[in-house]
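What follows is a set of notes on a single structure, which appears directly below.
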Amino acid sequence: MDTDVLNAIERVPREAFVPAPLRGHSYENSALPIKSGQTISQPYIVAYMTQMLEPNPRNKVLEVGTGSGYQAAILAKLFRRVYSIERYRSLHTEAMQLFEKLKIMNLTTKLGDGHKGWLEQAPFKHIIVTAAAEDVPGALVDQLDDHGIMIIPVGPDEGDQTILKITKDHHGLVAEEELIPVRFVPLVQGLAVES
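Residue numbering for the sequence shown is 0 to 194, as defined by the numbering used here.
Listed below in structure tokens is the structure:
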């Protein structure tokens, strides 16, 4: 429902992030497979999670799970700076090339373990995780700033998952709110070993 989020989605060509054989399905409201057993989330979930993150053009945001780069490109329209972490080298490389091709200049990516966050750039007022963690990673909570918001799917790989909205008050106290049920690929620790 957020007009800024909808405008950002309108201005980012989703087909650019979808594998060529599936481009005819780019604007269907469904998740689509990409390399390394990962997916590009359905447009509704991208919009919903982004809206719940409460974007602020003066702030920076951390994204855990670059994947195809689609969510990061949406965030780049809504935040001053985007920091995005990906554990698969092939996805990281392709996303960086695509960001350059689309001239997205306020986005920095790195190959790394999303569970550890991005300590050198912390704290963050906004953190979004695009894979399901079995438990909320403590390092990400630690890197969330006072009055910060984290949106993260939580739950087992083969069971019920729920998007949580985690907030931290000015005393550092953390609160969790359950939002909607979802199905995401798992958030795995460490760098991926690719063949």
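Glycine included, C-beta positions come from ideal geometry on N, C-alpha and C.
Reduced DSSP category for residue i - H, G, I as helix; E, B as strand; rest coil
{"i": "residue 144", "result": "strand"}
{"i": "residue 175", "result": "strand"}
{"i": "residue 73", "result": "helix"}
{"i": "residue 4", "result": "helix"}
{"i": "residue 118", "result": "helix"}
{"i": "residue 24", "result": "helix"}
Backbone CA spacing between residue i and residue j [nearest angstrom]
{"i": "residue 46", "j": "residue 6", "result": "10 Å"}
{"i": "residue 86", "j": "residue 64", "result": "7 Å"}
{"i": "residue 192", "j": "residue 61", "result": "23 Å"}
{"i": "residue 188", "j": "residue 118", "result": "16 Å"}
{"i": "residue 97", "j": "residue 52", "result": "24 Å"}
{"i": "residue 12", "j": "residue 22", "result": "11 Å"}
{"i": "residue 183", "j": "residue 170", "result": "32 Å"}
{"i": "residue 1", "j": "residue 156", "result": "30 Å"}
{"i": "residue 19", "j": "residue 31", "result": "12 Å"}
{"i": "residue 178", "j": "residue 164", "result": "7 Å"}
Residue i, buried or exposed, once every other Cβ within 10 Å from all chains shown has been counted against 16
{"i": "residue 154", "result": "buried"}
{"i": "residue 174", "result": "exposed"}
{"i": "residue 76", "result": "buried"}
{"i": "residue 194", "result": "Legend: pLDDT at residue 194 = 45, less than 50; position of this residue unreliable, value from coordinates given subsequently. Per the 10 Å Cβ criterion, exposed."}
Integer-rounded CB distance, given that residue j should sit under 8 Å from residue i
{"i": "residue 196", "j": "residue 150", "result": "Shown here, the chain extends from 0 to 194; a query on residue 196 therefore has no answer."}
The ligand GDP heavy atom lying under 6 Å from the CB of residue i
{"i": "residue 43", "result": "Judged by which ligands are present, the structure shown has none, so any question about the ligand GDP falls away."}
Touching by the beta-carbon criterion (3+ pairs, under 8 Å), the region 105-113 and the region 71-81: yes
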